[in-house]
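Chains A and B, in that order, are what the protein sequence lines are.
Using the numbering used here, read the first sequence as starting at 60 and increasing by one per residue.
Using the numbering used here, read the second sequence as starting at 19 and increasing by one per residue.
Every residue, glycine too, gets a C-beta built ideally from N, C-alpha and C.
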Amino acid sequence: MTSNREPPDWALPAWDSVETAAPSYVARSRVPAPPGTFGLTILAVSDVTRAVREAVRGDDRLRDVWVEGEVGRVTISSAGHGYFTLKDDRSQLSCVWFRDDRLASAFEPQSGLRVVAHGRVDVFDSQGVYQLYVTDLQPAGFGDLALKFEALKARLAAEGLFDRARKRPLPERPATVAVVTSPTGAVWHDIGTVLRRRWPLTQVVLSPCLVQGDGAAQSVARALGRVERWVDRLQASGHPEQAPAVTILARGGGSLEDLWAFNDERVVRAVVAHRLPVVSGVGHETDVTLADFAADVRAPTPSAAAELVVPDRHAFVAALAGASSALETRVSRHLGAAELALRVERRALDRLRPSAQLAQARERAGVLLDRATRSAVSLLVDRRRGEERLRARLDPIAPARIASAHSAVAAHGAALAVLGPQATLDRGYAIVRRSRDARIVRDPVDTPGGERLRIRVARGELGAVAQGDGADASDAPHRTQS
Amino acid sequence: MTQDQMATDEATRSNGRSDVALDQLSFDDAFAELQRVVAELEAGGQQLEASIVLYERGVALHERCSRLLADAELRVKRLVERAGGALEALDVAPDEAIEPPEG
Numbered sequence: 060m061t062s063n064r065e066p067p068d069w070a071l072p073a074w075d076s077v078e079t080a081a082p083s084y085v086a087r088s089r090v091p092a093p094p095g096t097f098g099l100t101i102l103a104v105s106d107v108t109r110a111v112r113e114a115v116r117g118d119d120r121l122r123d124v125w126v127e128g129e130v131g132r133v134t135i136s137s138a139g140h141g142y143f144t145l146k147d148d149r150s151q152l153s154c155v156w157f158r159d160d161r162l163a164s165a166f167e168p169q170s171g172l173r174v175v176a177h178g179r180v181d182v183f184d185s186q187g188v189y190q191l192y193v194t195d196l197q198p199a200g201f202g203d204l205a206l207k208f209e210a211l212k213a214r215l216a217a218e219g220l221f222d223r224a225r226k227r228p229l230p231e232r233p234a235t236v237a238v239v240t241s242p243t244g245a246v247w248h249d250i251g252t253v254l255r256r257r258w259p260l261t262q263v264v265l266s267p268c269l270v271q272g273d274g275a276a277q278s279v280a281r282a283l284g285r286v287e288r289w290v291d292r293l294q295a296s297g298h299p300e301q302a303p304a305v306t307i308l309a310r311g312g313g314s315l316e317d318l319w320a321f322n323d324e325r326v327v328r329a330v331v332a333h334r335l336p337v338v339s340g341v342g343h344e345t346d347v348t349l350a351d352f353a354a355d356v357r358a359p360t361p362s363a364a365a366e367l368v369v370p371d372r373h374a375f376v377a378a379l380a381g382a383s384s385a386l387e388t389r390v391s392r393h394l395g396a397a398e399l400a401l402r403v404e405r406r407a408l409d410r411l412r413p414s415a416q417l418a419q420a421r422e423r424a425g426v427l428l429d430r431a432t433r434s435a436v437s438l439l440v441d442r443r444r445g446e447e448r449l450r451a452r453l454d455p456i457a458p459a460r461i462a463s464a465h466s467a468v469a470a471h472g473a474a475l476a477v478l479g480p481q482a483t484l485d486r487g488y489a490i491v492r493r494s495r496d497a498r499i500v501r502d503p504v505d506t507p508g509g510e511r512l513r514i515r516v517a518r519g520e521l522g523a524v525a526q527g528d529g530a531d532a533s534d535a536p537h538r539t540q541s
Numbered sequence: 019m020t021q022d023q024m025a026t027d028e029a030t031r032s033n034g035r036s037d038v039a040l041d042q043l044s045f046d047d048a049f050a051e052l053q054r055v056v057a058e059l060e061a062g063g064q065q066l067e068a069s070i071v072l073y074e075r076g077v078a079l080h081e082r083c084s085r086l087l088a089d090a091e092l093r094v095k096r097l098v099e100r101a102g103g104a105l106e107a108l109d110v111a112p113d114e115a116i117e118p119p120e121g
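What follows is the structure, given as structure tokens:
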């Protein structure tokens with residue numbers, strides 16, 4: 060029977076009983092109604108389980124938890140899944156560790172061990188239990204590891220091993236890339252894939268090592284040393300160009316415990332002392348190990364490390380094309396300059412052609428004529444303008460000048476009148492002329508005796524005859540003239 | 019040898035560059051020469067003929083580099099330590115499983 064099917068007819072209360080019963084809200088609040096009564100929902104087991112599961116899944120506190128406890132009974136199923144309980148003095152918690160996660164870890168839960176489990180809490184429907192689905196399991200004391208990590212980091216940093224100044228640049232296009240990692244697993248494969256895709260001109264040399272568990276640290280340090288010895292070998296045998304130019308140190312993701320070898324002091328020192336630049340790619344992006352601090356470049360992942368050590372050939376080809384087109388512009392510019400020079404010469408040649416010279420001479424003559432005409436015209440215009448200006452200045456002056464000339468003439472007339480003989484005659488003087496030639500007589504010798512004279516006085520003329528020369532006669536003109 | 023080739027060789031020699039056949043050039047050599055050619059052309063000052071020869075050499079070098087990049091196969095080796103500590107690099111075929119090292 061399921062909850063959402065309607066109750067059978069016989070289970071329904073009689074109409075009258077419904078009528079006489081207390082109001083339904085009273086009945087419901089006081090007396091639990093029998094199963095199947097109207098107004099109640101009957102849940103299936105799976106509904107309850109689902110509701111619990113949803114509540115659990117909806118709780119952020121349970122989605123990603125670290126739980127510390129003591130391992131109880133441990134069972135490994137035939138499929139390889141691990142089942143165990145975690146206990147403390149008050150409760151216990153069922154835990155499931157699926158095969159893949161379990162096999163990826165070096166750690167095995169054992170009854171009585173104190174551990175820290177990382178995972179999520181969920182409900183297993185078919186058994187109606189909630190349990191911890193474990194992704195990582197580490198021995199308790201994880202906090203100790205973190206403390207140890209910080210202490211070692213501080214000590215090595217104080218030694219200057221992580222100094223920025225120690226970091227070496229990576230070669231641009233290494234002929235050979237050394238890879239220190241485990242030959243098993245995805246990391247080595249991924250690095251090969253990236254290098255093949257980006258820069259297959261390079262050669263890869265794997266120096267294999269253990270990357271977790273006992274002896275991993277020594278193994279990593281030895282593998283780094285092996286790369287150096289290989290460089291020596293190639294240089295000694297006259298093939299230095301084939302020697303690795305950069306080393307990738309890589310490991311896949313894991314717990315702090317898994318990655319612990321990369322926090323080992325021996326590994327850190329081997330990385331710092333390594334003769335080639337080291338690119339580290341350990342764990343996931345969020346995992347940071349001391350080897351990462353020691354490396355010349357820290358890549359977030361192994362694949363990213365591979366990407367960092369070589370250029371991308373597609374980008375490179377594009378850059379090459381750029382260089383090639385730069386060449387082209389350069390040469391075409393050179394060609395263009397030559398062409399330009401040619402054109403200039405051609406133009407010079409054209410200028411020197413006889414007909415062109417003639418045309419030019421004609422043109423020059425035309426220009427000269429033009430200039431001459433222009434200057435003549437402008438000269439004329441200038442002059443006319445000058446005259447007009449002069450006239451403009453003269454106009455008011457001329458009448459005045461004429462008036463003053465008139466008055467001057469009158470003045471001169473007066474002066475003339477004063478200077479003329481009439482005024483002298485009026486004062487009693489006379490002018491004596493010879494009759495024959497009307498010469499004015501200034502000397503008695505001019506008038507021999509009997510010479511006929513004409514005498515002009517103020518009011519007219521009278522005739523006279525000279526009495527001849529002689530001393531007494533010579534006085535007469537003096538008298539007449541004084 | 020045609021007239022053109024002789025002219026090219028002459029120009030190449032006069033630029034102090036070895037007339038190594040392009041097909042023999044390694045990527046690095048071809049690329050280094052390409053960089054020199056570009057720098058030389060950018061510096062300018064050549065005769066027109068010389069600059070055209072340089073340009074053609076540059077184009078050929080560019081093609082050589084591109085071809086090498088397109089055709090390259092990643093060579094994978096693995097260092098093996100022999101008894102007595104002698105090292106050897108063995109070729110590894112793509113996706114060949116490698117035994118984990120001992121110790």
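Listed by chain order, chain A residues near residue i by CB distance under 8 Å
i	result
GLU99/B	ARG285
GLY102/B	Result: empty, since nearest Cβ-Cβ is about 13 Å, beyond 8 Å.
Per-residue contacts from residue i into chain B (C-beta, under 7 Å)
i	result
ALA397/A	LEU66
PHE375/A	LEU87
GLN262/A	ARG93, LYS95
ARG389/A	LEU59, GLU60
LEU254/A	LEU92
LEU335/A	The contacting residues do not exist; LEU335/A stays about 14 Å from chain B at best.
ALA245/A	Per Cβ cutoff of 7 Å: no residues; ALA245/A is ~12 Å from chain B at best.
Under 7 Å from the C-beta of residue i: neighbouring residues of chain A
i	result
LEU105/B	ARG285, ARG288, TRP289, ARG292
GLU51/B	Neighbours of GLU51/B on chain A: none; closest Cβ ~12 Å, over 7 Å.
ALA90/B	PRO259, LEU260
Three-state secondary structure assigned by DSSP to residue i
i	result
VAL63/B	The sequence given here places Gly at residue 63/B; Val does not occur at that position. Three-state result, GLY63/B: coil.
CYS268/A	coil
ALA304/A	coil
LEU105/B	strand
ASP159/A	helix
LEU212/A	First, the amino acid is wrong: residue 212/A is Lys here, not Leu. LYS212/A falls in the helix class under three-state DSSP.
SER437/A	helix
SER494/A	coil
GLN169/A	coil
PHE352/A	helix
ALA205/A	helix
ALA280/A	helix
SER391/A	helix
TYR488/A	coil
GLY141/A	strand
PHE45/B	helix
ASP195/A	strand
ASP181/A	strand
ILE135/A	strand
ARG96/B	strand
SER153/A	strand
TRP125/A	strand
Residue i: contacting residues in chain B (beta-carbon distance under 9 Å)
i	result
VAL305/A	Neighbours of VAL305/A on chain B: none; closest Cβ ~15 Å, over 9 Å.
HIS393/A	LEU59, GLY62, GLN64, LEU66, SER69, ILE70, TYR73
Supposed close pair residue i, residue j - CB separation, criterion 8 Å
i	j	result
LEU265/A	ARG96/B	4 Å
LEU18/A	VAL130/A	Only positions 60 to 541 of chain A appear in the structure, and residue 18/A is not among them; the question remains open.
PHE321/A	VAL337/A	Their Cβ separation, rounded to whole angstroms, is 12 Å, which puts PHE321/A and VAL337/A out of contact at 8 Å.
LEU52/B	CYS83/B	6 Å
CYS268/A	THR240/A	7 Å
ASP181/A	VAL115/A	6 Å
ARG389/A	LEU79/B	With a Cβ gap of about 15 Å, ARG389/A and LEU79/B do not count as contacting.
ALA282/A	GLN294/A	Going by Cβ atoms, the distance from ALA282/A to GLN294/A rounds to 19 Å, so no, they are not a contact pair.
VAL126/A	SER170/A	That belief does not hold up - the Cβ atoms of VAL126/A and SER170/A are roughly 17 Å apart, past 8 Å.
GLU510/A	ALA497/A	Contact doesn't hold; Cβ gap of about 13 Å is too wide.
Proximal chain B residues relative to residue i, where beta-carbon distance stays under 8 Å
i	result
VAL403/A	Neighbours of VAL403/A on chain B: none; closest Cβ ~15 Å, over 8 Å.
LEU265/A	VAL94, LYS95, ARG96, LEU97, VAL110, ILE116
Inset, instruction - Flag this pair as touching only if the stretch 83-103 of chain B and the stretch 250-267 of chain A have three or more C-beta atom pairs under 8 Å; answer yes or no. - result: yes
Inset, instruction - Would you check if there are 3 or more beta carbon pairs closer than 8 Å linking the stretch 388-397 of chain A to the stretch 357-369 of chain A? - result: no
Inset, instruction - Would you check if the stretch 302-321 of chain A and the stretch 266-277 of chain A touch, i.e. whether three or more CB-CB distances between them fall below 8 Å? - result: yes
Legend entry - Given 8 Å, three or more beta-carbon pairs between the stretch 514-527 of chain A and the stretch 482-490 of chain A: yes
Legend entry - Residue ranges of each beta strand (DSSP E) within the stretch 319-374 of chain A, 3 or longer: 337-341, 356-358
Legend entry - contact_flag[the stretch 245-260 of chain A, the stretch 134-152 of chain A] where n(CB pairs < 8 Å) is 3 or more: no
Inset, instruction - Would you check if the stretch 101-121 of chain A and the stretch 174-189 of chain A touch, i.e. whether three or more CB-CB distances between them fall below 8 Å? - result: yes
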